[in-house]
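Participant: The sequence shown runs 1 to 115 under the UniProt record's numbering. C-beta atoms are modelled at their ideal positions from N, C-alpha and C, and glycine is treated no differently. The structure follows.
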Amino acid sequence: MSQYLLSVVVEPGVYDIPQEEAQPQYEATGRFNDELQAEGVWVFAGGLGRVDEATTVDNTGADVVVTDGPYAETKECLGGFWVVEVPDLDAALKIAARASKVCGQKIEIRTFDGA
């Protein structure tokens, strides 16, 4: 079995959708999470806060530099993720297709190194 990261790719404006409009998507995603757990492929998952509230830490030089926000400006960002454990990429692709439908966003799939 291999573990795959299914990343939810969003535009930063998605965080500005009113709660009442987003609620049906949250509920559908919750049901999807329950399905993954029942299927035995769930490892863990989570949604992420606003990208403009992120903090970046850079300790690659002589000093630690901490800055507000993302390191680079982007039109898309990581909005959340699932980690699943499945036999192969084909199985991960099927789950990603379901995930994309329930959350209404694009999903990027990547393996974990060594998986």
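Determine the contact status of residue 105 and residue 43, defining contact as a CB-CB distance below 8 Å.
Facilitator: no
Participant: According to DSSP, simplified to helix, strand and coil, what is residue 98?
Facilitator: helix
Participant: Are the CB atoms of residue 77 and residue 12 nearer to each other than 8 Å?
Facilitator: For residue 77 and residue 12, yes; Cβs fall inside 8 Å.
Participant: Of all the options 69, 99, 59, which has the alpha carbon lying nearest to the alpha carbon of residue 36?
Facilitator: 99
Participant: Considering only DSSP beta bridges, list what residue 77 is partnered with.
Facilitator: According to DSSP, which records beta bridges pairwise, residue 77 is partnered with 10.
Participant: Just to confirm my understanding: we take residue 29, look at its own chain, exclude 5 residues before and 5 after, and list those with CB closer than 6 Å. What are they?
Facilitator: 102, 103
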